[in-house]
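Q: Pasting a structure here, questions to come.
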Amino acid sequence: MSTIDIKEILSQLTLDEKIGQLVQLPGEFFKDDASTTITGPSAKLGLNKSYEVYNTGSILNVVNPVLIKEIQEKYLANSRHKIPLLFMADIIYGYKTILPIPIAQACSFDFEMIKKGAEVIANEAYNDGHHITFSPMLDIVRDLRWGRVMESFGEDVYVGKQYAQAMVEGFQGNDINEGHIAACLKHFAAYGAAVDGRDYGAVDMSLQQFYEVQLPAYKAAIEAKCKLVMTSFNTINGVPATGNKWLNRKVLREELNFNGVLITDYAAIKELVDHGVAEDTYHAAKLALESGVDIDMKTAVYANEIKSLVENKAVDISLVDEAVLRVLELKKELGLFENPYRGLINPVVKFSEDMKKEIALNLSSKTSVLLKNNGILPLKKNQKIALIGPHGKQKGQFGMWAFTGDRELSVDLKTALEEEFDSVSYAEGSNILLDYSRLGFSANGGNFMDMFPVKNQQELEAEAIDLAKQSDVIVLAVGENMMESGEGASKTNPTLSEPQKQLIYKLKKLNKPIIGVIYAGRPLILSDIESYFDGLLYAWYPGTYGNISNAQILSGKINPSGKLSMTFPKSVGQVPIHYSTYRSGRPILAEDVAYRFTSRYLDETNAPLYPFGFGLSYTTFDIGEIKTTRKEFGSSSLPIVSAVVKNTGTTFGEEVVQLYIKDLVASISRPVIELKATKRIKLQPQEETVVEFQLTQEDLSYHDQLGNLVLESGEFLVSITNVSSNISNHDIIKLV
Ligand code: BGC
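The sequence shown begins at 1040 in the numbering used here and counts up by one.
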């Protein structure tokens, strides 16, 4: 542990130098001679001419290790105080080895593997000189219109808590200076709950919902000692998060006990003016600083305004000092004062390439979800396969937030299928989109669209139909273009694009079995095409090696075991939909449409297409009757609930056993059911095991209207099952 005295360092800094520590700039400021940046990047950002770039505290998104080293060297040579720079970047779910996207990882319900995955990411990033990642994103999301579904763990509170802990522990390790990096949870807070499903949209919610649904994952990350927090772009009940004193001082610092660095999201300080809560940037800087924001990401607001705020006595210098101390403390914890280059000159290689591949494959074998199988899967080795669709020969299915992954290293589905089957031929079959103009990227399509140049649709279809005619079975690799999900990718009707649907309709006429492999960054609405498939595998974006496990699922070498971490609705009108919905005074029972005055839609059932927790296997599991050690108990002697689970099929398989509870009567109306625990088990054919869950006080508690945690006596339904839509295996227990 470093013995550096950060208070002593603070006492030696001028006000300008202190302010610099709170400023984050992109690397371009240091590429050239600092004097030339004044007319280039500085002018673009609107930095005052007097701003000294060699006071800056941190750098955003420089990913090239050579450049990181050069910038640090140049900085240390030119800055008076010689406090090393912090390098922060979006290293979200992979650095070189790209793992399945977060929403997919959550479908594994394997939090140990998720943690291992984060360790791999951290280790690769550490050795390239990175200090901090802007991950994990812990915004719970129940609205698939929102594009950042791909970066989230999905809809469930319990999953969020487990995912948060696993990611933070994996990134930061036991010793952050032994091959690990600091995590930054984002986006604080409730960013995924925009009322209109649009990115950057407003959030309006009760305190009860905020504490009950939004906070738990953030809280779990902070309890796991996450070093940084990022503010969100949105307003919460009218106040933008980035200048929100209640949120950042009371909730984050006082209630959640967070002592680390609070950084804004990209230019969010400046947006306080656009939100209409700050008159100008001077006012915006005051609001942010007072609300406890330490670092201004990529604007000139702190750089230009804090000095006058202090000189005019509009803010107290103690606010600046406390923010600077937090930044210095982070630099100290990362050992930067002793070793500003960390992994760049002292690499710590924890994983060989083979180990990384094995971890990625272990994860991806559990993240693809088998949604449908009429008996066609697994396919036989000698079946003649026509692989059709724009994703079939696509390398680098990484999703939007993986800029550093090596596409060439990645394995496409065609190559992976060839390892498993005797005969695999390919035709592209369809464009993903015919018009890219609304995706908001330049003509050649930014990062990922160059993979999908628009071609003649009729020719593509004709070629695919010819190929399909000569085959036994069609594997259809379709989905979203990668820029259709991620930041700024909200949609009103997330479904397969029209050209791809037309292709499916045409192929269906050939009377050959069709297996869909769908690549997407969110659950798509599949109701109108689902019946066209004999088998359906939801592959999300599987990362560098995920297609190897996808092909092995199709061949039966891997028995699928992914379970949905988010509900798949039948129609976008059901959104926001989630299994843990609230009760109604007029629930619809058994979809009884003869009676009008129940809580239902006239034109659609309430039930989703595929429920949360759902996913098929090639074997069958029988979950025996639920047992409880005590039916009545006090709060200090909570029971264990258990069930015998048996693999009743002929194939080895893994199952995610799920524990749900329902608080039958409480002072406020509680959700229909809530997931409280899961266990992933492995069983050989005909093998059985007892799966036990120890109930905790937290499992039976809830947040009241003011956000206080309460535990009330009364009856609870408990169920052990393997899908949220079936809680028939239940018991009633009583807290007295
Ligand atoms: C995103 C953040 C990201 C940041 C830095 C923002 O636009 O909302 O999630 O970490 O940019 O790249």
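Backbone N, C-alpha and C define an ideal beta-carbon position, used for all residues, glycine too.
Run through DSSP, which three-state label would Y1571 get?
A: Y1571 falls in the helix class under three-state DSSP.
Q: Does the count of Cβ pairs from the stretch 1596-1606 and the stretch 1643-1661 closer than 8 Å reach three?
A: Judged by Cβ distances under 8 Å, the stretch 1596-1606 makes contact with the stretch 1643-1661, as three or more pairs qualify.
Q: Which residue from K1371, V1234, A1229 puts its Cα closest to that of A1280?
A: Out of K1371, V1234, A1229, A1229 has the C-alpha closest to the C-alpha of A1280.
Q: Pick out the complete alpha helix (DSSP H) segments inside the stretch 1438-1469, 4 residues or longer, and give them in chain order.
A: Entirely contained in the stretch 1438-1469, the alpha helix (DSSP H) runs reaching 4 residues are, in chain order, 1452-1459.
Q: Quick one: which unbroken alpha helix (DSSP H) runs of 4-plus residues sit fully inside the stretch 1100-1127? Chain order, please.
A: List check, alpha helix (DSSP H) in window: 1104-1117.
Q: Who does P1065 pair with in a DSSP beta bridge?
A: Beta-bridge pairing links P1065 to L1099.
Q: I'd like the span of the alpha helix (DSSP H) that includes E1151, first residue to last.
A: It spans 1150-1166 - the alpha helix (DSSP H) in which E1151 sits, taken as one unbroken run.
Q: Relative to ligand 2, is the shortest distance from any of its heavy atoms to the C-beta of D1129 smaller than 7 Å?
A: This structure simply doesn't include ligand 2; it includes ligand 1 instead.
Q: If distances are taken between C-alpha atoms only, which option among V1514, A1128, G1438 comes closest to E1523?
A: Here the closest residue by C-alpha is G1438.
Q: My output table needs one value for S1476: the three-state DSSP class, helix, strand or coil.
A: S1476: helix per DSSP, three-state reduction.
Q: Report the start-end ranges of each alpha helix (DSSP H) in the stretch 1233-1309 that is 4 residues or longer and not cut off at the edges.
A: Runs of the alpha helix (DSSP H) inside the stretch 1233-1309: 1254-1262.
Q: Can you give me the C-alpha to C-alpha distance between K1083 and E1350, rounded to a whole angstrom?
A: Roughly 26 Å separates the two Cα atoms.
Q: Flag F1376 as yes when its Cβ comes closer than 7 Å to any non-hydrogen atom of ligand 1, and as no otherwise.
A: Not under cutoff, so the answer is no.
Q: Using DSSP bridges, identify the partner residues of A1145.
A: None; A1145 has no bridge partner.
Q: Go ahead and label P1035 buried or exposed: buried means 16 or more other beta carbons lie within 10 angstroms of its beta carbon, across all protein chains shown.
A: It is not possible to answer for residue 1035, since the shown part of the chain is limited to 1040 through 1775.
Q: Name the DSSP beta bridge partners of D1786, please?
A: Missing from the structure shown is residue 1786; the chain here goes from 1040 to 1775 and no further.
Q: Put N1483 into one of helix, strand or coil per three-state DSSP.
A: Summary for N1483: the model assigns pLDDT 47, below 50, so the residue's position carries little reliability; its value from the coordinates is reported in the next sentence. If DSSP states are grouped into helix, strand and coil, N1483 belongs with coil.
Q: Which of helix, strand or coil does DSSP assign to S1074?
A: Caution applies to S1074, whose pLDDT of 49 falls short of 50 and renders its modelled position unreliable; the value that the coordinates give is listed next. Three-state result, S1074: helix.
Q: Run through DSSP, which three-state label would F1210 get?
A: Note: F1210 maps to helix in three-state DSSP.
Q: Quick check: the stretch 1140-1150 against the stretch 1442-1458, are there 3 or more CB pairs under 8 Å?
A: As far as the Cβ criterion goes, the stretch 1140-1150 does not touch the stretch 1442-1458, which means the pair count is below three.
Q: Please go through the same chain and pick out, in chain order, the residues whose beta-carbon is closer than 8 Å to the beta-carbon of L1358, but skip the five residues on each side of it.
A: Result list for L1358: L1328, E1329, in chain order.
Q: If you draw a straight line from the alpha carbon of V1611 to that of S1118, how long is it in whole angstroms?
A: Each residue's Cα considered, the two are about 55 Å apart.
Q: Using only the heavy atoms of ligand 1, determine whether one of them is closer than 7 Å to the beta carbon of K1225.
A: Yes, Cβ of K1225 sits closer than 7 Å to a heavy atom of ligand 1.
Q: What is the rounded straight-line gap between the Cα of V1757 and the Cα of V1775?
A: If I take the Cα positions, the gap works out to 16 Å.
Q: Quick check: is any heavy atom of ligand 1 less than 7 Å from the C-beta of E1526?
A: Yes, since a heavy atom of ligand 1 falls inside the 7 Å radius drawn around the Cβ of E1526.
Q: Return helix, strand or coil for Y1090, following the three-state DSSP convention.
A: Coil, per DSSP.
Q: Where does V1762 sit, in a helix, a strand or coil, going by DSSP?
A: Of the three classes helix, strand and coil, the one that applies to V1762 here is coil, per DSSP.
Q: Classify R1709: buried if its beta carbon has 16 or more other beta carbons within 10 angstroms, exposed otherwise.
A: R1709 comes out buried.
Q: Are the Cβ atoms of M1204 and A1157 separated by less than 8 Å?
A: The sequence given here places Gln at residue 1204; Met does not occur at that position. No, Cβ-Cβ distance for Q1204 and A1157 is not below 8 Å.
Q: When burial is assigned at 16 or more other CB atoms within 10 Å of the CB, is F1636 buried or exposed?
A: By the 10 Å Cβ count, F1636 comes out exposed.
Q: Using the C-alpha atoms, what's the distance from L1054 back to N1094?
A: C-alpha separation (whole angstroms): 10 Å.
Q: Tell whether a beta-carbon distance below 8 Å holds between Q1247 and H1742.
A: Result yes, Cβ atoms of Q1247 and H1742 sit closer than 8 Å.
Q: Kindly examine ligand 1 and report whether one of its heavy atoms sits closer than 7 Å to the Cβ of I1100.
A: The question names Ile, but residue 1100 in the sequence shown is Asn. Checking every heavy atom of ligand 1 against the Cβ of N1100, one is found closer than 7 Å.
Q: L1267 and A1306: beta carbons closer than 8 Å?
A: No, they are not a contact pair.
Q: Would you mind giving the Cβ-Cβ distance between T1443 and I1707, rounded to the nearest angstrom? I have them listed as a contact below 8 Å.
A: At roughly 46 Å, the Cβ-Cβ gap does not stay under 8 Å, so T1443 and I1707 are not in contact.
Q: Any idea what DSSP makes of Q1736, helix, strand or coil?
A: Here Q1736 sits in helix by DSSP.
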